[in-house]
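See below for the structure under consideration.
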Amino acid sequence: MVKSEPLSLTILGATGSIGRSTIDLVTRNPGRYAVEALTGANNVELLIEQALALKPKLAVVADPLRYAALKKGLAGTGIACASGPEAVVEAASRPARWVMSAIVGAAGLKPTLAAIERGAVIGLANKETLVSAGDLVMAAVKRAGATLLPVDSEHSAIFQVLDGAQMEAVEKIILTASGGPFRTFSLNRMGQVTPEEAVAHPNWSMGAKISVDSATMMNKGLELIEAHHLFGLPEDRIDILVHPQSVIHSLVAYVDGSVLAQLGTPDMRTPIAYALAWPKRMAAPSARLDLAEIATLTFEAPDPIRFPALALARRALRSGGGAPTILNAANEVAVQRFLDRRIGFLDIARIVERTLDALAAAGAPAGLDDVLALDAEARRVALTFA
Ligand code: NAD
Ligand code: MG
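Using the working numbering, read the sequence shown as starting at 3 and increasing by one per residue.
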């Protein structure tokens, strides 16, 4: 058998939860990948450790104050170092065939677009990029002939069971949601929860922002918008189903009554492996599913009273234009304020709603500059409510 060339790969957000899981898979397959660039925001010790192990051509730390530490840690290795947001975009522009987009928030938009615009294959974890600028991003994918492979577990599930050749036979897609750590809490109790309680997800181990999003269920709202862009279905053909065991990762319902689902234990290395090896499959070390052991899978409808974020996301998607950009930016601000203990948990959705109301007259963004300007304006307005 002829040994194939290693796949050149860049990881944006290497130091985060998704970045570390990606590196775990890369490390388990020596010789299969050649790392072009790694980026992180501020955990420079971990970034140095990762760079020493994977030997990328370039390591970038987004925070310029950490540049000296990065340079010192990689001195004599021949690995180029850089810092600042523009350097993150430069890392994405380098000629890696495959790029993991795992920066959190709209900060991932410009670097992800840079990788898309040179026609790369993108493993997309950074859902905020599609929420904030979905029309623009999908148009760029088409124009550049890039490939967008969903890494979010629900979207990976749908991608795996969707018959893309027969989209007219798809009745709806059903995104499952764990319901988060407060699924059974009263509204009163939810008003009192701490950041520590919110980031302690029952099933998944994730970064702080997405953990809070899961607790408010804004994560499912963002995923609804993400699914709309990835699979081209309107808002009323995307359902949300609470499934606390996180075993069924999502489902596709067809016009003949068949419903196809993808199942697995909650370990992001499975959807990451699917995107890394696509269109083939590769081994992943995720725990195997033992359905006899689990015995019971349960389902319930989401509660719109305790989880108003879902309706806000539906409203933003239906309104279109700049509303999803505003929703995402306001949510990023509110989540950070909650993590900083400046507002209560229930204030998060309130701030998003007030920001959507305040900017209801904003025009539809025509390009990237408009998206970035609207994002900045929504952050400014959201802060006045927070
Ligand atoms: P995380 O907070 O653990 O990691 C985020 C990464 O982005 C880190 O490397 C951080 O250094 C980097 N980063 C943060 N701000 C940055 C900035 N301004 N510029 C450049 N880099 C920056 O987050 P995560 O849990 O790994 O999530 C990453 C993305 O993947 C998010 O969009 C999240 O919604 C999505 N996602 C995560 C999971 C999961 O299980 N963790 C599942 C599905 C989707
Ligand atoms: Mg998800």
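Quick reminder that beta carbons are idealized off the backbone N, C-alpha and C, glycines included. Nothing here was measured: the structure is a model prediction, and the numbers come from that model.
Cβ-heavy atom distance, residue i to ligand 1, below 7 Å
i: T267; result: no
i: V106; result: yes
i: P204; result: no
i: G209; result: yes
i: I212; result: yes
i: I20; result: yes
i: P87; result: yes
i: M270; result: yes
i: G369; result: no
i: E130; result: yes
i: N44; result: yes
i: T149; result: no
i: V90; result: yes
i: A159; result: no
i: G75; result: no
i: T79; result: no
i: A71; result: no
i: A64; result: yes
i: A311; result: no
i: T12; result: no
i: T41; result: yes
i: A109; result: yes
i: A127; result: yes
Outcome for residue i when other beta-carbon atoms lying within 10 angstroms are tallied against a minimum of 16
i: S452; result: Look at the range of the chain in this structure, 3 to 388, and you will see that residue 452 is not part of it.
i: R308; result: buried
i: P273; result: buried
i: N333; result: buried
i: E228; result: buried
i: F184; result: buried
i: N330; result: buried
i: L67; result: exposed
i: K222; result: buried
i: Q52; result: buried
i: M169; result: exposed
i: G259; result: exposed
i: V133; result: buried
i: P326; result: buried
i: R271; result: buried
i: V257; result: exposed
i: G322; result: exposed
i: K74; result: exposed
i: I118; result: buried
Residue i beta carbon near ligand 2 (any heavy atom closer than 7 Å)
i: D305; result: no
i: D154; result: yes
i: E225; result: yes
Contact belief for residue i with residue j at Cβ below 8 Å, rounded distance in angstroms
i: S216; j: G193; result: Not quite, the Cβ-Cβ distance comes to about 18 Å (not below 8 Å), so this is no contact.
i: I353; j: A384; result: 5 Å
i: I160; j: A255; result: Contact doesn't hold; Cβ gap of about 11 Å is too wide.
i: L243; j: T178; result: 5 Å
i: M220; j: A311; result: 4 Å
i: A135; j: L151; result: So it is not a contact: roughly 18 Å between Cβ atoms.
i: G107; j: E130; result: 5 Å
i: F233; j: L341; result: Incorrect: roughly 31 Å between the Cβ atoms, too far for contact.
i: T267; j: S252; result: The Cβ separation is near 15 Å, so there is no contact.
i: E58; j: A70; result: Sequence check: residue 58 is Pro here, not Glu. Wrong, their Cβ atoms sit about 19 Å apart, outside the cutoff.
i: A122; j: W100; result: 7 Å
i: A104; j: I25; result: Incorrect: roughly 10 Å between the Cβ atoms, too far for contact.
i: L27; j: A286; result: 7 Å
Residues bridged to residue i [DSSP beta-bridge criterion]
i: E302; result: V244
i: L291; result: According to DSSP, which records beta bridges pairwise, L291 is partnered with nothing at all.
i: M102; result: I13 and G125
i: V261; result: A255
i: L151; result: G125
i: I250; result: L265
Neighbour flag for residue i against chain C, beta carbons, 8 Å
i: I13; result: Among the protein chains of the structure shown there is no chain C, as only one such chain exists.
Residue i Cβ short of 7 Å to ligand 3 heavy atom set
i: T17; result: Only ligand 1 and ligand 2 can be found as ligands here, which leaves ligand 3 out of the picture.
Point to revise | Contiguous alpha helix (DSSP H) assignments of at least 4 residues, all confined to the segment 161-243 | key: Those alpha helix (DSSP H) runs which fall completely within the segment 161-243 and span 4+ residues are 189-192, 197-201, 210-218 and 220-233.
Check your understanding: At which residue ranges does the segment 16-62 contain complete beta strand (DSSP E) runs of 3 or more residues, listed in the order of the chain?
Key -> If we require 3 residues or more, the beta strand (DSSP E) runs fully inside the segment 16-62 come out as 35-42.
Point to revise | Inside the segment 72-121 only - alpha helix (DSSP H) runs reaching at least 4 residues | key: 87-95 and 111-119
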